[in-house]
Ligand SMILES: NC(=O)c1ccc[n+]([C@@H]2O[C@H](COP(=O)([O-])OP(=O)(O)OC[C@H]3O[C@@H](n4cnc5c(N)ncnc54)[C@H](OP(=O)(O)O)[C@@H]3O)[C@@H](O)[C@H]2O)c1
C-alpha cells in the first residue's frame, strides 16, 4: 500500500511517499481502507519532531474515515463505514496518511451517511473537540455569550456554528482584519482583532465580561482570556495555536479571577460517543451545520497540504481524500 512516512522531523518536504507492506490484523485490531482524513496541527508538531513519544519512521495521521477491510472478530462488517480518532494513531503506531490503517477496534466508531468522503473526512476530530469543549468542558447554555479566541481556525469555525445553533451570542477573533467577512459569514455576531489584550475590548461591549471563553491560542493569551470572563464564567483551553504550551510562572491567585473557572479539553482523555457523532453527521446532512473545508488534497500532495497548514490561510479544515 502507499503511505506517507516521516523518517526525519522537519518541514513538509520531509514526507516520503512509499510502498509499504499491507498490515495484517491480529485479535482486537481492524484493517481500515482509508477514504479520507483531516489534517491536525498536532501532526504539524509531530512532523517537526515535537511529539516526544513518537519514534520515526512513522506514518502520521491521528484521524480518518473509511471502510472496514478486515475485522478478524467479525464485529465490524466488510465495507462498513467507520471513523477513527486519537488513541495513539499516528504517534504510538502508524496512522491514517496511507491507503490502509491498522487500528485498535476500540478507536472505531461506525456510522451511516451518504455525504461525500471529503466532507466526512473533515469531521471526526473536529467534531469531537468542538462538542467536548462546548458541552462537556464549557457546559454552554442558550442565551450565554462566548468568546472564541482563534475564531478562523477550523475548530473555531465549527465551534461558532454549534454555539449559534445552541442559542449563544458569539464573539470571535482573528489577527487578520481581512478575515472579518469570513467570520461574519460563519455567523459570528461580533469580530474582534486579536491584539493580545482583549479584556479591554470585551469589557467595553459586555461590562461584566462574557459567560464562556474557548481559548484556542494558548498560554500566551490565557491570562487575558481569564480576565474576559464574567464572575462565575468558564474558560476552556483547548488549543495552542501560538505553540506555547506552558507558563514561565503560574500564580493561581494572580491569574484566575475569583469565581471564574479554568478547565481544558483534551481528545486524548475523553471520547465522544458514537450516537453524538452520528447525530452530528445527520445535522450536516440536513444542512444545520455548514462544514468549513479549507481545501482538499490527494495523498501524493501531502507536502502541499502541510504547507497550507503551515501558512494559516486554509480558512477551514484541510482534508486529504484517498
Ligand atoms: N485539545 C484537543 O483535544 C485538540 C484537538 C484538536 C485540535 N486542538 C487544537 O486546536 C487548535 C486549532 O486547531 P485547528 O486544526 O482548528 O487549527 P487551524 O485550522 O490550522 O488554525 C489556523 C488558524 O490559526 C490561527 N493562528 C495560527 N497561529 C496563531 C498564533 N500564533 N496566534 C493566534 N492565532 C494563530 C490563524 O488565525 P488568524 O490568522 O486568523 O489569526 C489561522 O487561521 C490547535 O492549537 C490544535 O492543536 C486541540
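Numbering (the working numbering), first residue to last: 336 to 657. For glycine and all other residues, C-beta sits at the position ideal for the given N, C-alpha and C. These figures come from a predicted structure and were not determined experimentally.
N- and C-terminal bounds of the alpha helix (DSSP H) containing residue i
i: residue 456; result: 452-456
i: residue 536; result: 534-540
i: residue 612; result: 609-620
i: residue 594; result: No alpha helix (DSSP H) contains residue 594, which DSSP labels as neither H nor E.
i: residue 381; result: 376-383
i: residue 471; result: Counting along the chain, residue 471 falls outside any alpha helix (DSSP H), and DSSP gives it neither H nor E.
Inter-residue spacing [alpha-carbon to alpha-carbon] between residue i and residue j
i: residue 363; j: residue 565; result: 47 angstroms
i: residue 416; j: residue 455; result: 10 angstroms
i: residue 640; j: residue 352; result: 14 angstroms
i: residue 608; j: residue 580; result: 28 angstroms
i: residue 388; j: residue 410; result: 31 angstroms
i: residue 491; j: residue 563; result: 17 angstroms
i: residue 345; j: residue 536; result: 38 angstroms
i: residue 355; j: residue 420; result: 22 angstroms
Secondary structure of residue i, DSSP reduced to three states
i: residue 354; result: strand
i: residue 395; result: coil
i: residue 343; result: coil
i: residue 587; result: helix
i: residue 466; result: helix
i: residue 483; result: strand
i: residue 566; result: strand
i: residue 496; result: helix
i: residue 578; result: coil
i: residue 513; result: helix
i: residue 572; result: strand
Own chain, CB closer than 6 angstroms to residue i, minus 5 neighbours either side, in chain order
i: residue 575; result: 553
Neighbour-count burial assignment, residue i, 16 or more Cβ in a 10 Å radius
i: residue 375; result: buried
i: residue 464; result: buried
i: residue 610; result: exposed
i: residue 650; result: buried
i: residue 588; result: exposed
Range covered by the beta strand (DSSP E) that runs through residue i
i: residue 359; result: Taken as a continuous stretch (DSSP letters only), residue 359 belongs to no beta strand (DSSP E), as it is neither H nor E.
i: residue 438; result: 435-439
i: residue 301; result: Outside the shown range of the chain, which is 336 to 657, sits residue 301, and nothing can be said about it.
i: residue 546; result: 545-550
i: residue 523; result: Where residue 523 is concerned, there is no enclosing beta strand (DSSP E), given that its DSSP letter is neither H nor E.
i: residue 417; result: 416-420
i: residue 443; result: 443-445
Cut-off 8 angstroms between Cβ atoms - residues of its own chain near residue i, not counting five sequence neighbours on either side
i: residue 620; result: 448, 449, 450
i: residue 512; result: 528
i: residue 453; result: 371, 628, 631, 654, 656
Residue i Cβ short of 7 angstroms to ligand 3 heavy atom set
i: residue 410; result: This structure lacks ligand 3; the ligands present are ligand 1.
Other residues of its chain near residue i: CB distance less than 7 angstroms, five sequence neighbours each side excluded
i: residue 561; result: 570, 590, 591, 592, 595, 597
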